[in-house]
Amino acid sequence: MAYVPGVALLAALAVGCSAGSDGSASDADSKPGGPTVTTAPPGKYRTLPAPCRAVPGSTLKDLLPGVAELPQQQQEKAFRGSPTVTYDTDRKVGCSWKSDAPDSTRNLSIDFERVVSYDPAVSDDDRARTLYAKKETAADLSGVTTPPGPPEKPAGSTAGEETGTGKPGGGEGSAGPSPSASASTSASGTPGAPGGGSEDLRPRVLDGLGDAAFLDDLLTRAGSTAQHRTVSVVFRTSNVIVTVRYGEQPALVTKVPDSKELQEKAQALARKLAEVISE
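To convert a position in the sequence shown, counted from 1, into our numbering, add 23.
Here is the structure:
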């Protein structure tokens with residue numbers, strides 16, 4: 024009878040040691056008071072659309088005047104587009120088109136970028152938000168809120184002032200204007216200035232397109248060549264950033280590309296692409 028308590032005590036110690044070892048193993052995984060590492064959620068989109076098939080044929084005909092006048096085989100080639108060279112089609116794809124009409128040349132390009140964050144603490148959406156913000160900052164949209172110089176052209180200004188550099192007296196050989204400089208012009212289809220009676224077509228943030236969007240409008244001319252206007256619409260939806268560039272260069276040196284037309288068509292295409300991504 025004297026040995027029974029001893030056996031019971033040994034059994035109790037054995038059970039206690041076993042429980043202690045199990046408890047220490049779980050403590051190694053979850054240390055009381057230690058930081059909890061949470062993996063950020065992945066982005067909404069895992070794939071990208073085929074860029075050269077993302078634009079409807081009817082839209083391409085409208086954006087690329089002159090192609091419809093070509094022979095059937097050349098039309099098909101022009102509307103097919105040229106895919107952008109990329110080494111990772113899961114992450115970035117693009118396509119471009121060009122049309123040559125008697126009165127002007129049009130250029131169109133689209134780019135899709137699927138952003139992936141390799142930091143478990145940063146979500147794909149947050150990483151895409153950061154990259155988009157850098158693009159918007161590079162566009163310098165804040166620079167157009169207070170354009171330099173008078174908001175409107177003074178009476179008697181020359182045609183060269185209205186079609187050229189965004190600087191009074193700008194002539195041939197001057198560099199093309201920056202977005203902020205071109206924003207101050209208001210004639211011949213160029214972006215309107217604050218306080219002017221014309222529609223405000225300055226580079227700006229856009230509403231109702233993706234999670235965030237902006238439009239840039241750049242008019243350039245080098246020497247005596249015709250002016251070239253490029254309208255860019257950039258938008259982000261979740262972890263995908265889309266860029267649309269639509270440009271025109273008239274055949275005549277004296278003609279200024281219509282900013283309103285290019286902006287409206289570039290925005291309409293961007294909205295179609297937003298629908299394509301969400302399908």
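For glycine and all other residues, C-beta sits at the position ideal for the given N, C-alpha and C.
- Rounded to whole angstroms, Leu296 and Ala144 show a C-alpha spacing of 30 Å.
- Straight across, the Cα-Cα distance linking Val90 with Val116 is about 24 Å.
- Pairwise C-beta distances place the segment 270-289 in contact with the segment 232-240, as three or more of them are shorter than 8 Å.
- Per DSSP, Glu298 is one residue of the alpha helix (DSSP H) stretching across 282-301.
- At least 8 Å separates the beta-carbon of Ser140 from that of Pro88.
- Per DSSP, Gln96 is one residue of the alpha helix (DSSP H) stretching across 95-103.
- Taken through DSSP and simplified to helix, strand or coil, Val90 comes out as helix.
- Taking 8 Å as the cut-off, the beta carbon of Leu224 is found closer than this to the beta carbon of Lys283.
- Rounded to the nearest whole angstrom, the C-alpha separation of Thr109 and Arg129 is 24 Å.
- Distance check between Thr153 and each of Asp230, Val276, Thr277, Ser261 places Ser261 closest, using alpha-carbon atoms only.
- According to DSSP, Ala236 shares a beta bridge with Leu229, Phe258.
- Remark: C-beta atoms of Thr248 and Ile133 do not approach each other more closely than 8 Å.
- Among the bridge pairs identified by DSSP, Pro65 is matched with none.
- The C-alpha of Val276 is placed about 42 Å away from the C-alpha of Asp113.
- About 16 Å separates the Cβ atoms of Gly66 and Ala156, ruling out a contact at the 8 Å cut-off.
- A Cβ-Cβ contact shorter than 8 Å links Val263 with Phe135.
- Here Leu275 carries a coil assignment [DSSP, helix/strand/coil].
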